[in-house]
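Contents: one structure, followed by commentary.
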Amino acid sequence: MLVVHNPDHALHAGRQEMFRGRLVPCHEVPARLDHVLAELRRRGVGPLHTPVELQPGADAAFDEVLQRIHAPRYLRFLEQAWEEWVALDPANAELDALPSVWPVRGFRADVEPSNFAARMGLYSFDAGTPLTAGSWRAARTGAHAAVLAARAVGRGQARCAFALSRPPGHHAGADFFGGYCFLNHSALAAQALRNLGADRVAVLDVDYHHGNGTQSIFYERADVLTVSIHGDPRTEYPFYLGHADERGAGAGEGFNLNLPLPRGSGFAEWRAVLQQAIAAVRAFGAQALVVPLGVDTFEGDPISGFRLKSDDYLRIGEDLAALQLPTVFAFEGGYAVAEVGVNVANVLEGFGG
Ligand SMILES: [Zn+2]
């Protein structure tokens, strides 16, 4: 198991997010990753690899993957957003940037406004994802970590790799952030694997929340199967996507599978659905697998509603290993901060890492 760790992750440290009508301390904090890293080191999982400092253009293949998955105008916005935010008022340097206006149905999304707040809303879908001074750097290095992990697997240098990065990725779409995510690591990893010659790549998302960003990125593609097991969007974030009848469109029809479960589900129900997901990956004939690895399915998670226990994560790793595919894991959710490390390490250990 190769672990590619994002050394810049702590540069993204939001102060507050909008949650149930109030600004509350962020759930998505640097300590989450630190706990995972400490637990992996304790168990001797590795080797650990750290991406070198990345200048734009220094890794042309990475930039190519980034621009294939994310819209150029969105990448430009993210890169410049903090400077623009502070230029509005120097006092903003002490605050996080949060969106407050969005173009819903009937509004124009094709015309990019010049107003900063309007662009912030154009490129986001919630007010829970603060943009900070270091967000772009952290997200970009994290995306690079995901591509390096995929590259090692795609070139056969590692059978399995774990991109240990935050902010997370699976809610980020081609041109929007939200759900604490800016750049979609799993989509980038899947594309990198495609570029290295895997004809069919499957993404099997086990985070508590639907991987709406990944689904939307690949919705009209037949070369990447997207599967997600998650809390029913009728009651659970991200609410507006993740229903069972979303099966893909155009060339991608039949290549998206959503497996929503009711809030309160335990491991027996969850594992039965995992078998369906695994069967779909097999039937697709995937040559490589990407797993957005969220452990907010844990019973103690403060913002989620499944009831998995720490030992269950060993079983998840074992079940995924049975696919016998070159595999990239990407760190996603999990907010019971102290237990996140054990639960993530259990999946990797169960997998055989
Ligand atoms: Zn989640």
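Numbering (my numbering), first residue to last: 163 to 515.
Glycine residues also receive a C-beta, built at the ideal position from the N, C-alpha and C atoms.
Because the structure is a prediction, the values reported are computed rather than measured.
For Ala442, the CB contacts under 6 Å within the same chain, skipping 5 residues up- and downstream, are Val389, Leu419 in chain order. Distance from Asn346 to Ile379 at the Cβ level is roughly 6 Å; contact confirmed, criterion being Cβ atoms closer than 8 Å. It is roughly 40 Å from the alpha-carbon of His405 to the alpha-carbon of Ala255.
Arg433 is not a Cβ neighbour of Arg469, given a cutoff of 9 Å. The count of Cβ pairs closer than 8 Å, one atom from the segment 230 to 241 and one from the segment 191 to 206, stays below three, leaving the stretches out of contact. The three-state secondary structure of Asp196, taken from DSSP, is helix.
By the criterion of a C-beta distance shorter than 7 Å, Glu274 is surrounded in its chain by Arg235, Arg281, Leu284, once the five residues flanking it on both sides are discounted.
Per the coordinates, the alpha-carbon of Gly359 lies some 36 Å from the alpha-carbon of Glu398. Where Asp170 is concerned, there is no enclosing alpha helix (DSSP H), because DSSP gives it neither an H nor an E.
In the DSSP assignment, Met282 falls within the unbroken alpha helix (DSSP H) covering 278 to 284. Two segments are said to touch when three or more pairs of C-beta atoms, one from each, lie closer than 8 Å; by this definition the segment 264 to 272 does not touch the segment 316 to 324.
Within the same chain, Asn168, Asp170, His171, Ala325, Ser327, Arg328, Pro329, Gly331, Leu345, His347 come within 8 Å of Gly304 by CB-CB distance, once the 5 residues on both sides are set aside. Contact between Asn508 and Gly479 holds: their C-beta atoms lie close to 7 Å from each other, under 8 Å. For Arg184, the three-state secondary structure derived from DSSP is strand. The C-alpha of Ala484 lies about 24 Å from the C-alpha of Leu350. Short note on Gly456: C-beta closer than 8 Å to some heavy atom of ligand 1. Ala259 is positioned such that its CB atom lies closer than 9 Å to that of Thr294.
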